[in-house]
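Residue numbers for the sequence shown follow numbering that gives the first Met the number 0, so the first one is 0 and each next one is one higher. Here a beta-carbon is modelled for each residue, glycine too, at the ideal position from N, C-alpha and C. Note that the coordinates shown come from a computational prediction; the quantities given were computed from them, not determined experimentally. Worksheet for the structure shown next.
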Amino acid sequence: MKMTRYFLGLLMLLSFGGQADTYVGDLHTYFGAGNPAMTNFTLYLEVVTPHGTYYGTYQEPSQRLNTGNITNIYWSDTTGTIHAPRLNMGAASGAGSIGPCPGVHDAPNTSAWGCYFTNISVYVDQPVGGCPWLISSYITTFYHSTFTGDQGPYTGPKAHNSSCPPVAVAPYDVSWDENYVAHNKTVRLPGGGGVVTQTLSTYLMKDGQLCDGSQPDERGLYCRLVAQLMTFTASGCDDARVSVTPTPHPITDKQLHDMVLQVNTSNNVPAIAATCRFQYILNEL
């Protein structure tokens, strides 16, 4: 397991205001599309606060990418305590054939797609709750066509914004073991004449100990913030008979990813030695 440790500061820009809507900042969000005006889009919002983690889904009835206020169709807080922010989407602009949209050509039938971005202005209607806060967005796009076939879906990278003081994140690390820091993992599987499967998990660590995002205390809050800003890349395995499928956990879980390892032993080869590589980067805003 290869890991890059860019542990830099968190910034935060979030405010929940109580009378008129309060502007709190823009989310510069990238997405993939063939023709943005014809592409179906769904925008997802994630808000990490000292009092909880909240999720929202925004989509127009037409499912098209329109400018202006976006309709909120889901908000995870059902108590009415924290209201869904109002989002206003700007016009889409091109960012190159790939640009900062990793994997945009890897989704089904998206070889002709390009990378675009839009500025999403965030407004809230409740009072400021205090630091740390973090707000994030990402867009999933899809194009349905009976002539050329469906294209996508593609999920673009997350955008983040914050205005809280920087957080020292140098003590954080990623590990294959929840009890100590382990950057590499050796797995020995018995041959069985078929496909052998094993699931491994990765964990966020702080000061050599588990950083558990499921905990409701202050340490757990900062674990969630650090995990939210993380970028993960799977580079694959150097033997075609070996594959790993990463499944991300919510930042409110103890694990970062479940890695589902599969080895094809159907040819009854005496041994298979393969290396699979993954990279975690903890990003600065």
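Legend entry - Contact set for Ile-271: own chain, Cβ-Cβ below 8 Å, skip 5 residues either direction: Here the question's residue 271 lines up with position 272 in the sequence shown. So the list reads Asp-238, Arg-240, Val-241, Val-262 and Thr-264, once near-sequence residues are dropped.
Legend entry - Nearest residue (CA-CA) to Gly-129, options Met-258, Ser-110, Ser-162 and Gly-148: In the sequence shown, counting from the first residue as 1, residue 129 sits at position 130. The option with the nearest alpha carbon to Gly-129 is Ser-162.
Legend entry - Closest by C-alpha distance to Ser-234, when choosing among Cys-275, Cys-222 and Asp-211: As a working note, residue 234 is residue 235 in the sequence shown. Nearest C-alpha to Ser-234: Cys-275.
Inset, instruction - Indicate whether Pro-247 and Lys-205 have their beta-carbon atoms separated by less than 8 Å. - result: Your numbering for residue 247 matches position 248 in the sequence shown. Your numbering for residue 205 matches position 206 in the sequence shown. Going by C-beta atoms, Pro-247 is not nearer than 8 Å to Lys-205.
Legend entry - Cut-off 7 Å between Cβ atoms - residues of its own chain near Gly-219, not counting five sequence neighbours on either side: Indexing the sequence shown from 1 puts residue 219 at position 220. Cβ within range, chain order: Asp-211, Gly-212 and Ser-213.
Legend entry - Identity of the residue in Thr-77, Asn-118 and Asp-76 nearest Ala-94 by Cα: As a position in the sequence shown, residue 94 is number 95, starting the count at 1. Ranking the options by Cα distance to Ala-94, first place goes to Asn-118.
Inset, instruction - Would you list the one or two residues that DSSP bridges to Cys-114? - result: Walking along the sequence shown from the start, residue 114 turns up at place 115. Note: Cys-114 sits in a beta bridge opposite Gly-31.
Inset, instruction - Starting from Val-225, follow the alpha helix (DSSP H) in both directions and report where the run begins and ends. - result: Against the sequence shown, residue 225 aligns to sequence position 226. Note, Val-225: alpha helix (DSSP H), 217-227.
Legend entry - C-alpha distance - Gly-89 paired with Phe-40, whole-angstrom precision: Within the sequence shown, numbered from 1, the residue matching residue 89 stands at position 90. Within the sequence shown, numbered from 1, the residue matching residue 40 stands at position 41. Cα to Cα, Gly-89 sits roughly 14 Å from Phe-40.
Inset, instruction - Buried or exposed for Gly-193, please, with buried defined as at least 16 other CB atoms from any protein chain shown within 10 angstroms of its CB. - result: By one-based count along the sequence shown, residue 193 stands at place 194. Counting Cβ neighbours within 10 Å, Gly-193 comes out exposed, since fewer than 16 surround it.
Inset, instruction - Return the residue from the list Tyr-53, Tyr-179, Val-173 and Thr-66 that minimises the CA-CA distance to Gly-79. - result: Mapped onto the sequence shown, residue 79 falls at position 80. Closest by alpha carbon: Tyr-53.
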